[in-house]
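What follows is one structure encoded as C-alpha cells, with my remarks underneath.
2 protein chains.
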Amino acid sequence: MDQTDREIINMLQKNARIPLKAIAQEVHLSIPAVSARVERLERENVICGYTMIADPVKMGYHITAFINMELKPEQKDGFCKFIRGVRNVAECNHITGAYSMLIKVLFPSTMELDRFVGTLQKYGKTQTQIVFSSIVSARSIGPLEQEDPKKKG
Amino acid sequence: MDQTDREIINMLQKNARIPLKAIAQEVHLSIPAVSARVERLERENVICGYTMIADPVKMGYHITAFINMELKPEQKDGFCKFIRGVRNVAECNHITGAYSMLIKVLFPSTMELDRFVGTLQKYGKTQTQIVFSSIVSARSIGPLEQEDPKKKG
DNA sequence: GATGAAACAGCCGAGCT
DNA sequence: AGCTCGGCTGTTTCATC
C-alpha cells in the first residue's frame, strides 16, 4: 500500500468506471501494472466492490431517517437477523452511548417509516430523527496520506 | 423510469463495473438500448455517479463515529462551510430532534476524533457515539418496486 | 430499439531492466 | 521480480434501418 495505490483508490472512488488507461496516465504506469495493482487491492479486500450512487428522492424515497435504538440485550441476535433482511435499511451500526444501535433508513413517506418503527418496538425503545437536508451526502473517504513507506494493508 | 430502468439500476448498484453486455442480456435488450437508458438516467441525475467501496480499516481509519450536534443557529452557515471542507466527514445531515446535525466521521484513532470534536465546540454542543461494529455496512438501496407504469423521474 | 462496422479498452504473452 | 511493449479478445460507440 504505497502512494500509487492511494492515488488509484482516489481515482476509483471519484469514478468507479474510469478506464485503466486514464489511471495509468495519472500515476505514470503502464495499463497492466495498474491492472495488477487493482487486482491485488481487490484480493486484499482493500477494494470491496464498485457501486452506483443514485438519488434516493428520484427513486421514490422521500424520507431518510436515523433511528436510535436502545436494544434489549436478549434481543440482539434476533434484531440483527431481522434488520439485515429489511431492504430499506441503508446502514446499521452498534454504537456507544445510551442507545446501542443507530439505523439509517429510507422510505417513500413517513407512513412507511412509522410502520417500520412500529415493528421495531418489540426489540427495544426507539428514537427517530428525520433528515431535513444533507450538508454532506454519503461519500467515500480517501486513503490516509502518510509519509513513511511502511507496511501494506 | 420503468421496470427495465429499475433492473439496470439494481445491476449497476451491485457492480458499477459490470459490462453493458451483461445488463443487456439480463433485461433482454440490445447493448445500445441499455447504453441509451444509462445515459438518460445519468442526464436526469437518477444516477449521480459510480464509486468504489473500500474497507476503512484497511485504509487506516480505525474509528468510525457519529457526532450529534446542537448547532447555534447563527453558526449554521459557518458550520456548513467548515464541515464540507473536512475530508474525514463521510456524511452530514440536518435532522429533526434535540440535536440538529448528525455527522458521520472516520479517523485513524480516537486521538484525531477527539481533536476534531474539540474544533466543533465553537459551533455548538456535541455528543459523540463511536461505532463498535457494523450490522449493515453503508449500502445502496434499490429503486422502489411499483406495479403501475406511471411517470418517469 | 436492433444491427453491423469501426474505435476503443483490457488481457496475455514475450522481452527488457 | 516487476515493468513495458506488441498482438489478440471483448466491449462500447456510431450510423443506418
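Keeping their order, the protein sequence lines are chains A and B. Here the working numbering is used: position 67 in the first sequence is 67, and no number is missing along the way. Count along the second sequence from 1, add 1000, and you get the number used in the working numbering. Glycine residues also receive a C-beta, built at the ideal position from the N, C-alpha and C atoms.
Cβ-based neighbour list, residue i, same chain, cut-off 7 Å, excluding 5 preceding and 5 following
| i | result |
| --- | --- |
| Y1061 (chain B) | L1106, F1107 and P1108 |
| S1137 (chain B) | none |
| P149 (chain A) | Because the pLDDT of P149 (chain A) is 46, which lies under 50, any placement of that residue in the model is unreliable, and the number read from its coordinates should be weighed accordingly. Only D2 meet the Cβ criterion. |
For residue i, three-class secondary structure by DSSP
| i | result |
| --- | --- |
| I1130 (chain B) | strand |
| V89 (chain A) | strand |
| Y123 (chain A) | helix |
| V105 (chain A) | strand |
| P149 (chain A) | Residue confidence for P149 (chain A) is low, a pLDDT of 46 falling below 50, so the modelled location carries little weight; the figure read from the coordinates is stated next. Here P149 (chain A) sits in coil by DSSP. |
| V1027 (chain B) | helix |
| T110 (chain A) | helix |
| E1044 (chain B) | coil |
| G49 (chain A) | strand |
| I18 (chain A) | coil |
| V1117 (chain B) | helix |
| A1054 (chain B) | strand |
Beta-carbon separation (whole angstroms), residue i vs residue j, contact threshold 8 Å
| i | j | result |
| --- | --- | --- |
| I1008 (chain B) | V1034 (chain B) | 7 Å |
| A16 (chain A) | T1126 (chain B) | That pair is no contact at about 33 Å. |
Beta-carbon contacts of residue i that lie in its chain and below 8 Å, excluding the five residues immediately before and after
| i | result |
| --- | --- |
| E1145 (chain B) | R1006 |
| Q1121 (chain B) | none |
| G1153 (chain B) | Legend: pLDDT at G1153 (chain B) = 43, less than 50; position of this residue unreliable, no value from coordinates given. |
| V1089 (chain B) | I1083, I1103, K1104 and V1105 |
| G78 (chain A) | Y123 |
| T4 (chain A) | V27, L29 and R37 |
Distance cut-off 8 Å: residue i Cβ against heavy atoms of the ligand NAD
| i | result |
| --- | --- |
| P143 (chain A) | In the structure shown, the ligand NAD is absent, as is every other ligand, since no ligand is present at all. |
Endpoints, alpha helix (DSSP H) assigned at residue i
| i | result |
| --- | --- |
| T4 (chain A) | Q3 to K14 |
| K1156 (chain B) | The requested residue 1156 (chain B) does not occur in the structure, where chain B is confined to residues 1001 to 1153. |
N-terminal and C-terminal residue of the beta strand (DSSP E) that residue i is part of
| i | result |
| --- | --- |
| I63 (chain A) | I63 to L71 |
Own chain partners of residue i with C-beta closer than 6 Å, once the 5 adjacent residues on each side are dropped
| i | result |
| --- | --- |
| V155 (chain A) | Nothing in the structure corresponds to residue 155 (chain A), since chain A is present only between 1 and 153. |
| M69 (chain A) | Y99, M101, G124 and T126 |
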